[in-house]
Every structure is written in structure tokens, then in C-alpha cells.
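Heads up, the thing below is written out as C-alpha cells.
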Amino acid sequence: MQELIRQKLEEIEGEENCRILLAVESGSRAWGFASPDSDYDVRFIYVRPRGDYLKLEKVRDVIERPISGRLDINGWDAAKALRLLHKSNPTVFEWFSSPILYRDSPFAGRVRAEMGKYFSRKSGLWHYLHMAQGNYRAYLRGDRVKAKKYFYVLRPLLACRWILERGTPPPMAFARLAESQLEEEWKPLVDRLLELKRGAPEVEKIPRIDRLNAYLDRELARVMEQLERLPKEEPAGWEKLDALFLSALQAAPAG
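First residue of the sequence shown: 0, per numbering that gives the first Met the number 0; consecutive thereafter.
Okay, here's the thing in C-alpha cells:
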């Protein structure tokens, strides 16, 4: 699969006349709880020829490809990614901190060095709280539920706790979040669920775990209470991001 991903990235560069500066795994494989049949969720940041950024007609700032087999691949223009970084978009932080890299560059390293300045606790908390609440409502209310869906609520909940405690972007890896933010009494149960998730197909269902649901209800409400008390944060300026974009253009392909 690694070779297929490498070939696909090169194919996209040729078809789109772009240069891919970062390509990472963004889904359950990067989170550390992939099932045997999990997709490969590849996300990338790219730059187009300099002239494309000077056109009056707006050039599309995303590249998408249909899902093929187990490969889901799409990406954002570097300019789009940097604008979203200015807004403290958590997805940008996740892509640049993914533990699974398919392509890296000096530009990506420079972004990692600067991106902490643009992290907003409030934006991050809203993102992860809404993710946890939405997944809880959608997947954990039935009598039988998919084991993996507990992690689609636990991971964003623990990310919220990380932000509240440390004020920094949370790591992608679930193991780091659980080690730091999950109470000891819950770790044996979560470890068993993790083993089940890793060994079972995506469609495998288990009886709902009522005491775990009650815990999630309680903790999500607590995060909401703390979030509402946070003060408004002023975003950092554009100067560093402008410089980062200019550095990305140095790697741009010829027009």
C-alpha cells in the first residue's frame, strides 16, 4: 500500500501540475486504532505554479479523487491550509502533526515550528466537543453499537481534556491522549475495546456499554461548562504565514 500511495501522489502531481509538500495519514491508522479493513485516509498539502495565484479567475484550492478500494486521498492548497491555520482550524494541526508521513518537506517543518502560535483553545474545544457530541448521538444510542464508535467519541473527548489542561494542540495518537487524560479506572475497559476494534471488521457490533455511555454524558457536559467560561482569544498576525506561503512558492513547479 505504501508504494501505491507513493505512485498516486506522483500521479496527482503530474495531472494537476502541482508539488505536494506534505502527505500524511489522517484517519484511524494515524489515531492508532485501525481495524483490519480500515481505509487509508491520505491527506496532502500542495502548491501550484506561481502564476496560478495571480489569476483573476479563482483557481480551485482543493484536489479530490474518488475513493478507490481502501484508498481515500485528497488535499488542500498551501494557501488554503495557511488561511485555515490562521483561524486555528484543528484539522490543519492534525495533518502537520500526523505520526504517519508519506511525504515531507522543509516547508512542512517550518509550519510545524510556527503553528503553535495560532492555536486557539476555544476553537479547538468547539471542534472536538462538537465531533464527540455528534458521534455520540449518531452511533452510541442503540442497543448494539460498533466498538470503533466509542473511540470516535473518546478520542475527541480526551482531546478536549488535553486542551483544557495544557492549552496546546492535542496529539493525534489515541495512546498518548489516553495515557495522559483517561482515568485509571477506565483504562482496562478501553484497552479491551481497543483490542476488539483492532481485530474485528469495521461492521462488528457489541452490546452498548451503559456505564461508559454515562461517563461520556457526564464528561461531555463538564467540557461544555468549562468551554463556556473561556475568554475570547485574539488571533496571531499574518506576517509569519505570509512568509511561510512565500517559502512554499519556492518549491512551486514551473507554469
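Where is the CB? At the ideal position from N, CA and C, for every residue including glycine. Just so we're clear, the structure is a prediction, and the values are computed from it rather than from any experiment.
By Cβ distance, which residues of its chain are closer than 8 Å to residue i, with the 5 residues on each side in sequence left out?
i, result
"Val-61", "Asn-73, Gly-74, Trp-75, Asp-76 and Lys-79"
"Ala-112", "none"
Should residue i and residue j be called a contact, given that it needs their Cβ atoms to be closer than 7 Å?
i, j, result
"Lys-196", "Ala-146", "yes"
"Met-130", "Pro-155", "yes"
"Phe-173", "Phe-32", "yes"
"Gln-132", "Trp-161", "no"
"Leu-81", "Leu-240", "yes"
"Arg-28", "Val-46", "no"
"Ala-158", "Pro-169", "yes"
Distance check for residue j and residue i, CA to CA, integer angstroms please.
i, j, result
"Glu-10", "Ala-137", "37 Å"
"His-85", "Leu-139", "34 Å"
"Arg-102", "Asp-51", "23 Å"
"Leu-128", "Met-223", "8 Å"
"Gly-209", "Leu-188", "According to the sequence provided, residue 209 is Asp. The question's Gly does not apply to it. Approximately 12 Å between the Cα atoms of the pair."
What does DSSP give as the partner residues of residue i in its beta bridges?
i, result
"Ser-34", "For Ser-34, which the question treats as bridged, DSSP gives no partner whatsoever."
"Ser-96", "DSSP lists no partner for Ser-96."
Return the first residue and the last residue of the beta strand (DSSP E) that residue i is part of.
i, result
"Glu-24", "18-24"
"Asn-73", "70-76"
"Leu-100", "100-102"
"Ile-62", "61-63"
Quick one: give me the first and last residue of the alpha helix (DSSP H) that residue i is part of.
i, result
"Pro-230", "Per DSSP, Pro-230 belongs to no alpha helix (DSSP H) and is neither H nor E."
"Lys-148", "146-165"
"Val-110", "105-113"
"Phe-43", "Counting along the chain, Phe-43 falls outside any alpha helix (DSSP H), though it belongs to the beta strand (DSSP E) covering 39-46."
"Ile-208", "Premise fails: Ile-208 is in no alpha helix (DSSP H) and is neither H nor E."
"Lys-121", "120-138"
Once you ignore the five residues that flank residue i on each side, which residues in its own chain have a CB closer than 7 Å to its CB?
i, result
"Val-144", "Tyr-138, Lys-204, Ile-205 and Arg-207"
"Asn-212", "Leu-139"
Using C-beta distances below 6 Å, list every residue in its chain close to residue i, excluding the 5 sequence neighbours before and after it, in chain order.
i, result
"Tyr-151", "Asn-134"
"Val-91", "Ala-80, Leu-83 and Leu-84"
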